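Asks: Provided herewith is a single structure, encoded as structure tokens, for subsequent inquiry.
2 protein chains.
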Amino acid sequence: MTDDRPRAEKNRADTDRRIRAVARTLLVEQGAQGLTLRAIARQIGITAPALYRYYASLSDLVQHVCGDICADLADDLGTVLAHLPADDTASRVFAACRGFRTWAIAHPREFGLVFATPATPGAADGNGNDPFGQIFLTFTGRILAGAPGQERSDPDVPARLRADIERFRDTLVDALRDGDQPEPVVGLGTAYTVLRFWVRLYGQVALEVFDRFPFPVTDATPLFESMLAEQAAEVGLG
Amino acid sequence: MTDDRPRAEKNRADTDRRIRAVARTLLVEQGAQGLTLRAIARQIGITAPALYRYYASLSDLVQHVCGDICADLADDLGTVLAHLPADDTASRVFAACRGFRTWAIAHPREFGLVFATPATPGAADGNGNDPFGQIFLTFTGRILAGAPGQERSDPDVPARLRADIERFRDTLVDALRDGDQPEPVVGLGTAYTVLRFWVRLYGQVALEVFDRFPFPVTDATPLFESMLAEQAAEVGLG
DNA sequence: GTACTTGAGTGAACACTGTTTACCAAGGGT
DNA sequence: ACCCTTGGTAAACAGTGTTCACTCAAGTAC
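Chains as they are written, first to last, in our numbering: chain E, -1 to 236; chain U, -1 to 236.
Shown next as structure tokens:
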């Protein structure tokens, strides 16, 4: 399996990887404000304008870095879930939520960049390439794939929400499509539950990572665990 | 009630107000990236270095602007609550939550600046001057002050959280102290409930304002209302 | 009234930033 | 041999935060 692409192409892909890697470490070590074109160029021994051969602008580069970050997080959650039986939905949900929190705490700068930046108005094309939503869909998809048909009764979702929850359900099964599997079915009640789960998980983790709880927390883990347990109990897991 | 302070002092306070006001409109009209020292100076007919007579740095200025923003939001919620009977806790809670969301939607840039910026490591001195926590404490304080003694049984809060929830309760009664009122009492269960309420409210509003729901939402209001109703029911309001 | 001190504001400078432009040199295709 | 794409450079432009030396007016002390 030798790499017989023309050397030129390989070099290009290589420096592209180096650019993103350096950008990443710069973000981690100095925060978003240290993520500058000239610093990146300096570190890989190149001049700043050369970067415009790879990205149209700084914000374009940053957007791609966000994509990388989300991919990493998705991978992380993927390996976490891979070690768990596919039909033990409860422990898979717990593991995914804990994994998300753990990753966020270990990578606060990355989390801040992708999770607390207002969506760029241009990138909100339906949904699609928004990396933020993508990672969420990925990991709930991985869980749902192993737990088909766990339906709550559909009337559970209030009437005024039906339209949007249906849209979300569609997005979800779309993300679930994988290979030649049969079309997965996801109930409206499930979709609604998943959405609520996400809202609360996000709130909890964001407040913790940004250190924005309204009082000086000494140990956030029990706080997180209790919220998790409560919510799991609420939907009948555990 | 004439203002007989020396004119010099008055002028200083005046241009200080102008600085903050211009900063504010700049933030609203151009986003955080348009909030620059030189732009502010230009707009009030002054040179940039002069601003250093008022603030130690740009980030110092920004921090004070955050304070102003939070004060405005607190005022907003204050007037909303003022029109409601002090003993109708349910409608006061609903009004405060709706008011918070409405304000956030009407002021997305301000919301983004103060609610989605990682806490400055220096400013996290215990709690105190962190404007973020302050506003929250203010408005839950205003509600709790009218509904004393609504205790859930204290054992409701899991054992491992007691220490932190007690700390939160203390912060809360501290913020409630007002004039010569008798020392207010807040149960642990109440504090815990309030905290959970905040986590979910924050998650919901942040996701909506940043347009980061994992699917294209067409009407976020029912989504918000259903989360609000659900949570209110859960704690026995309504 | 005359010195002295204070303090807001200025102008020039420094070290940065993103971005554009013109240019260059090496490689591959025909 | 020719051309032409491609990755890179140097120089420049406009803008940024920040510092320093300097004014110049107002207030205070004698």
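Glycine included, each C-beta is placed from N, C-alpha and C at the ideal position.
Since this is a predicted model, take the numbers as computed values, not measurements.
When burial is assigned at 16 or more other CB atoms within 10 Å of the CB, is residue 47 of chain U buried or exposed?
Replies: Translated into the one-based positions of the second sequence, residue 47 of chain U becomes position 49. Exposed is the call here.
Asks: Counting only C-beta atoms, is residue 166 of chain E closer than 8 Å to chain U at any point?
Replies: Translated into the one-based positions of the first sequence, residue 166 of chain E becomes position 168. Chain U contact via Cβ: present.
Asks: Among E:141, E:94, E:129, which has the Cα closest to the Cα of residue 108 of chain E?
Replies: Walking along the first sequence from the start, residue 108 of chain E turns up at place 110. Considering only alpha carbons, the answer is E:129.
Asks: Give me the residue from U:90, U:31, U:112, U:158 with the minimum Cα distance to residue 69 of chain U.
Replies: Taking the first residue of the second sequence as 1, we reach residue 69 of chain U at position 71. Minimum Cα distance to residue 69 of chain U is reached at U:112.
Asks: Short of 7 Å in beta carbon distance, which residues of its chain neighbour residue 99 of chain U, apart from the five on each side in sequence? Order them along the chain.
Replies: Translated into the one-based positions of the second sequence, residue 99 of chain U becomes position 101. 203, 222, listed in sequence order.
Asks: Is it buried or exposed for residue 158 of chain E, if we count other Cβ within 10 angstroms and need 16 for buried?
Replies: Taking the first residue of the first sequence as position 1, residue 158 of chain E is located at position 160. Residue 158 of chain E is exposed by the Cβ-count criterion.
Asks: Applying a beta-carbon distance threshold of less than 8 Å, which residues of chain U neighbour residue 200 of chain E?
Replies: As a first step, residue 200 of chain E is located in the first sequence; it is residue number 202 there, counting from the start. Result: 201, 204, 205.
Asks: Mind checking if residue 89 of chain U is an interface residue toward chain E, Cβ cutoff 8 Å exclusive?
Replies: As a first step, residue 89 of chain U must be located in the second sequence, where it is residue number 91. No - not a single Cβ of chain E is within 8 Å of the one on residue 89 of chain U.
Asks: Since residue 137 of chain E and residue 75 of chain E should fall inside the 8 Å C-beta cutoff, what is the C-beta to C-beta distance between them, to a whole number of angstroms?
Replies: In the first sequence, the residue the question calls residue 137 of chain E occupies position 139. In the first sequence, the residue the question calls residue 75 of chain E occupies position 77. Confirmed, about 5 Å.
Asks: With H, G and I counted as helix, E and B as strand and the rest as coil, what does DSSP make of residue 210 of chain E?
Replies: Residue mapping note: residue 210 of chain E aligns to position 212 of the first sequence, counting from 1. Three-state result, residue 210 of chain E: coil.
Asks: State the CB to CB distance for the pair residue 186 of chain U and residue 164 of chain U, rounded to an integer number of angstroms; the pair is presumed to be in contact (CB under 8 Å).
Replies: Position 188 of the second sequence, counted from the first residue, corresponds to residue 186 of chain U. Position 166 of the second sequence, counted from the first residue, corresponds to residue 164 of chain U. With 8 Å as the limit, residue 186 of chain U and residue 164 of chain U qualify as a contact, their Cβ atoms being about 7 Å apart.
Asks: List the residues of chain U that residue 161 of chain E touches, going by C-beta distances under 8 Å, in chain order.
Replies: Position 163 of the first sequence, counted from the first residue, corresponds to residue 161 of chain E. Within 8 Å Cβ-Cβ: 216, 217.
Asks: Report back the beta-carbon spacing between residue 20 of chain E and residue 103 of chain E to the nearest angstrom; my notes put them in contact at under 8 Å.
Replies: Here residue 20 of chain E refers to the residue found at position 22 when the first sequence is read from its first residue. Here residue 103 of chain E refers to the residue found at position 105 when the first sequence is read from its first residue. That belief does not hold up - the Cβ atoms of residue 20 of chain E and residue 103 of chain E are roughly 24 Å apart, past 8 Å.
Asks: Report yes or no: is there a C-beta of chain E within less than 8 Å of the C-beta of residue 114 of chain U?
Replies: Start at 1 with the first residue of the second sequence, and residue 114 of chain U comes out as number 116. Yes, contact with chain E.
Asks: Listed in chain order, which residues of the region 126 to 137 of chain U have Cβ atoms closer than 7 Å to some Cβ of chain E?
Replies: Answer in chain order: 130, 131, 134, 135.
Asks: In chain order, what are the residue ranges of uninterrupted alpha helix (DSSP H) at least 4 long that sit wholly in the region 3 to 83 of chain U?
Replies: Whole alpha helix (DSSP H) segments, 4+ residues: 5 to 28, 35 to 41, 56 to 80.
Asks: Quick check on residue 92 of chain E - is its C-beta less than 8 Å from some C-beta in chain U?
Replies: If you number the first sequence from 1, residue 92 of chain E lands on position 94. Not closer than 8 Å to any Cβ of chain U, the Cβ of residue 92 of chain E fails to qualify, so no.
Asks: Drop a sphere of 10 angstroms on the beta-carbon of residue 162 of chain E, count the other beta-carbons inside from all chains shown, and report buried for 16 or more, exposed for fewer.
Replies: In the first sequence, the residue the question calls residue 162 of chain E occupies position 164. The residue is buried, with at least 16 neighbouring Cβ atoms inside 10 Å.
Asks: Roughly how many whole angstroms lie between the Cα atoms of residue 51 of chain U and residue 225 of chain U?
Replies: One-based indexing of the second sequence puts residue 51 of chain U at position 53. One-based indexing of the second sequence puts residue 225 of chain U at position 227. Rounded to the nearest angstrom, the two C-alpha atoms are 47 Å apart.
Asks: When the cut-off is 8 Å and only beta carbons count, does residue 156 of chain E lie next to chain U?
Replies: For the purposes of this step, residue 156 of chain E is identified with residue 158 of the first sequence, where counting begins at 1. It does; some Cβ of chain U falls within 8 Å.
Asks: Please report the residue range of the alpha helix (DSSP H) in which residue 185 of chain E lies.
Replies: Locating residue 185 of chain E in the first sequence gives position 187, counting from the first residue. First-last for residue 185 of chain E: undefined, no H or E at that position.
Asks: According to the Cβ coordinates, are residue 213 of chain U and residue 166 of chain E closer than 8 Å?
Replies: To locate residue 213 of chain U, count along the second sequence from 1; it is residue 215. To locate residue 166 of chain E, count along the first sequence from 1; it is residue 168. Going by C-beta atoms, residue 213 of chain U is nearer than 8 Å to residue 166 of chain E.
Asks: Counting only Cβ pairs nearer than 7 Å, list the residues of chain E close to residue 221 of chain U.
Replies: For the purposes of this step, residue 221 of chain U is identified with residue 223 of the second sequence, where counting begins at 1. In chain order: 159, 162.
Asks: So, for residue 18 of chain E: in the same chain, excluding its five sequence neighbours on each side, which residues have a beta-carbon less than 7 Å away from its beta-carbon?
Replies: Taking the first sequence and counting its residues from 1, one reaches residue 18 of chain E at position 20. The answer, listed in chain order, is 62, 63, 66.
Asks: Determine whether the beta carbon atoms of residue 201 of chain E and residue 155 of chain U lie at a separation below 8 Å.
Replies: By one-based count along the first sequence, residue 201 of chain E stands at place 203. By one-based count along the second sequence, residue 155 of chain U stands at place 157. Result no, Cβ atoms of residue 201 of chain E and residue 155 of chain U do not sit closer than 8 Å.
Asks: With burial defined as no fewer than 16 other Cβ atoms inside 10 Å of the residue's Cβ, what is the status of residue 126 of chain U: buried or exposed?
Replies: Within the second sequence, residue 126 of chain U is the residue found at index 128, counting from 1. Note on residue 126 of chain U: pLDDT 47, under 50, position unreliable in the model; no value is reported.
Asks: In its own chain, which residues sit with a C-beta less than 8 Å from the C-beta of residue 49 of chain E, not counting the 5 before and 5 after it?
Replies: In the first sequence, the residue the question calls residue 49 of chain E occupies position 51. Hits under 8 Å: 17, 35, 38, 39, 59.
Asks: Flag this pair as yes or no: are the beta carbons of residue 234 of chain E and residue 116 of chain U separated by less than 8 Å?
Replies: For the purposes of this step, residue 234 of chain E is taken as residue 236 along the first sequence, with counting starting at 1. For the purposes of this step, residue 116 of chain U is taken as residue 118 along the second sequence, with counting starting at 1. No; because the gap between Cβ atoms is not below 8 Å, this pair is not in contact.
Asks: Comparing the C-beta of residue 194 of chain E with each C-beta of chain U, is any distance below 8 Å?
Replies: For the purposes of this step, residue 194 of chain E is taken as the residue at position 196 of the first sequence. For residue 194 of chain E, the answer is yes, since a Cβ of chain U falls inside 8 Å of its Cβ.
Asks: Establish whether the CB of residue 180 of chain U and some CB of chain E are separated by less than 8 Å.
Replies: Numbered from 1 along the second sequence, position 182 holds the residue referred to as residue 180 of chain U. Output row for residue 180 of chain U: interface = no.
Asks: Residue 185 of chain E CB to nearest chain U CB: under 8 Å?
Replies: Residue numbering aside, residue 185 of chain E sits at position 187 when the first sequence is read from its first letter. Not an interface residue.
Asks: Establish whether the CB of residue 122 of chain E and some CB of chain U are separated by less than 8 Å.
Replies: Your numbering for residue 122 of chain E matches position 124 in the first sequence. Any reading at residue 122 of chain E must be qualified, since the residue scores a pLDDT of 47, below 50, and its modelled position is unreliable; the value itself is stated next. Residue 122 of chain E counts as touching chain U.
Asks: Would you mind telling me which residues of chain E sit closer than 8 Å to residue 171 of chain U, beta carbon to beta carbon, in chain order?
Replies: As a first step, residue 171 of chain U is located in the second sequence; it is residue number 173 there, counting from the start. Here the premise fails: no neighbours, minimum Cβ distance about 11 Å.
Asks: Would you identify the three-state DSSP class for residue 165 of chain U, choosing helix, strand or coil?
Replies: Counting from 1 along the second sequence, the entry for residue 165 of chain U is found at position 167. Helix at residue 165 of chain U.
Asks: Could you compute how far the alpha carbon of residue 24 of chain E sits from the alpha carbon of residue 216 of chain E?
Replies: The sequence position of residue 24 of chain E within the first sequence is 26, counting from 1. The sequence position of residue 216 of chain E within the first sequence is 218, counting from 1. Those two C-alpha atoms are separated by around 29 Å.
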